[in-house]
Amino acid sequence: MDDYQAVRELLPAPPLSPEVERAGRERLAAAFARERVRRSRRTARWSALGLGMAGAAAAAAIVFAQSVPTGAPATSGTVAQADGKRFLLVAAATVAAMPDEGTWWGSREVQGLQYRDPGGRYVLHESTSIETWIPADPEGLTWYRETPQGVRPATPRDEAAWRADGSPTSWTYDGAGEREGPGVVRAEPGEQRTWSTEDWDFRIVTAGKPLTKMGDLPGTPEGLKTLFGGDDRTTVDTAARLLVFAPVTSETRAAAYRLLASTPGVAAVGQVTDVLGRTGQAIEYESGEFALSGRVGATRTRLVIDPVTGKPLSLETRSAADGLLRLYTAIQDSRWADENPLKEKK
């Protein structure tokens, strides 16, 4: 069965919105060349004394892992996709039809994490709104706008426990609990910041091979799997991060969906509601890339996809034991444009 047959059987292709049709010619904004730099920035992501979510998101946006944790399953080859994952082929066919145009890749995201208060009585939800504009020009600067949204109880039940605790507006951590790094967490929203940086070098480095152009990225599942290297867990991690964070070509994006559909370890979840309340189709897998796993036990990562546009909606990591949401990136908008609003309004 080819992808378009799957589309006809499962989801008649709807008209694309003008926003979707602006999706464009892409340069892969990429990661730091050394594993040491990648790990240090990922650790800093959630530190109370770190650089904030946007800078850490840039560092962790897309890295082709060259090693996986001990005990990760090692398999080779691909298998036919299970019927439950056929919606990934629908998404692949949808995004493959998008034209490639534009000089800036813009995205608006909400990044967040949840953790228990120092006394372990209730769960707190910390979030930051981030706008990013990545230039197609490899010599250009990447622009960010970061708006910390503060910390609040995660659910009504947690709010009741928070009130019983005296409704505190700050919490002090010593680095030994679920929240990484010592420091004081405050409830009030933080100050908005807008800045540009050169710390993205617009390359992907994997297995010692630098890729300086988007066109260097394979446009087939087999090509991506070979490029990523490693076992199935590495393949799934990298393909999901590419879809969520990187401005790649429509051809490469479609190939990443097909690769996820054929890789063992990826389970279809069906229709779900993401962290922002949006309905989508989801897959789940055991990630080897999240630093949180060592602090809160085993986790499962969920990729939620809009079945109409083929765009990813969110990447959410939950505790495997109780399903508690730990870490997420929710994409509110992603598109190509000819102007960068942050550059004009710094």
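In our numbering, the protein residues as written are -1 to 344. Each residue gets a CB set at the ideal place from its N, CA and C atoms; glycine is no exception. All of these numbers come straight from a predicted model, not from anything done at the bench.
Item to check | N-terminal and C-terminal residue of the alpha helix (DSSP H) that V149 is part of | outcome: Along the sequence shown, read from residue 1 onward, the residue named residue 149 stands at position 151. Counting along the chain, V149 falls outside any alpha helix (DSSP H), though it belongs to the beta strand (DSSP E) covering T140 to P151.
Item to check | Cβ separation of E314 and V302, assumed to be a contact under 8 angstroms, to the nearest whole Å | outcome: Here residue 314 refers to the residue found at position 316 when the sequence shown is read from its first residue. Here residue 302 refers to the residue found at position 304 when the sequence shown is read from its first residue. Beta-carbon to beta-carbon, E314 and V302 are separated by about 7 angstroms, close enough to satisfy the 8 angstroms threshold.
Item to check | Strand pairing of T277, partner residues [DSSP] | outcome: In the sequence shown, residue 277 corresponds to position 279, counting from 1. T271.
Checklist entry - Of all the options R106, G278, A318 and G118, which has the alpha carbon lying nearest to the alpha carbon of A296? => result Residue 296 sits at position 298 when you count from the first residue of the sequence shown. Measuring from the Cα of A296, the nearest candidate turns out to be A318.
Checklist entry - When you compare each of L274, S248, D272 and A280 to A259 by their alpha carbons, which one comes out closest? => result Counting from 1 along the sequence shown, the entry for residue 259 is found at position 261. Looking only at L274, S248, D272 and A280, the smallest Cα-Cα distance to A259 is reached by A280.
Checklist entry - How long is the line joining the alpha carbons of D115 and W160, rounded to whole angstroms? => result Mapped onto the sequence shown, residue 115 falls at position 117. Mapped onto the sequence shown, residue 160 falls at position 162. Taking the straight line from one Cα to the other gives about 9 angstroms.
Next on the checklist: If contacts are defined as beta-carbon pairs under 8 angstroms, then R226 and T232 qualify, I think. What distance do you get, rounded to the angstrom?
Outcome noted: Mapped onto the sequence shown, residue 226 falls at position 228. Mapped onto the sequence shown, residue 232 falls at position 234. It is worth fixing the name first, because residue 226 is Phe in this sequence and not Arg. Contact annotation, F226 with T232: C-beta distance approximately 6 angstroms; criterion of less than 8 angstroms satisfied.
Item to check | L311 to E107 span [Cα, whole Å] | outcome: Reading the sequence shown from its first residue, position 313 is the one you call residue 311. Reading the sequence shown from its first residue, position 109 is the one you call residue 107. E107 has its alpha-carbon roughly 10 angstroms from the corresponding atom of L311.
Checklist entry - Starting from S194 and walking both ways along the beta strand (DSSP E), at which residues does that stretch end? => result As a first step, residue 194 is located in the sequence shown; it is residue number 196 there, counting from the start. First-last of the beta strand (DSSP E) with S194: R191 to T195.
Next on the checklist: Using the three-state DSSP reduction, which class does D235 fall into: helix, strand or coil?
Outcome noted: Here residue 235 refers to the residue found at position 237 of the sequence shown. The answer is helix: DSSP assigns D235 an H, G or I state.
Item to check | Close-in-space but distant-in-sequence residues of the same chain around V270 (CB under 8 angstroms, 5 per side omitted) | outcome: As a working mapping, residue 270 is identified with position 272 in the sequence shown. Hits under 8 angstroms: T277, G278, Q279, A280, R300 and V302.
Item to check | Contact set for E282: own chain, Cβ-Cβ below 6 angstroms, skip 5 residues either direction | outcome: As a first step, residue 282 must be located in the sequence shown, where it is residue number 284. Counting only residues of its own chain and dropping the five nearest sequence neighbours on each side, E282 has a CB closer than 6 angstroms to the CB of A265, V267, R298 and R300.
Checklist entry - According to DSSP, is E157 helix, strand or coil? => result Your numbering for residue 157 matches position 159 in the sequence shown. DSSP places E157 in helix when its eight states are reduced to three.
Checklist entry - In angstroms, rounded to a whole number, what distance separates the CA positions of R84 and L111? => result What you label residue 84 is simply residue 86 of the sequence shown in a count that begins at 1. What you label residue 111 is simply residue 113 of the sequence shown in a count that begins at 1. Roughly 30 angstroms between the two C-alpha positions.
Checklist entry - Around the C-beta of A328, are 16 or more other C-beta atoms found within 10 angstroms, so that it is buried, or is it exposed? => result Working through the sequence shown from its first residue, we reach residue 328 at position 330. Counting C-beta atoms within 10 angstroms of its own C-beta, A328 has 16 or more neighbours from the protein chains shown and is therefore classed as buried.
Next on the checklist: Rounded to whole angstroms, what is the Cα-Cα separation between G228 and D235?
Outcome noted: Against the sequence shown, residue 228 aligns to sequence position 230. Against the sequence shown, residue 235 aligns to sequence position 237. Each residue's alpha carbon lies about 11 angstroms from the other.
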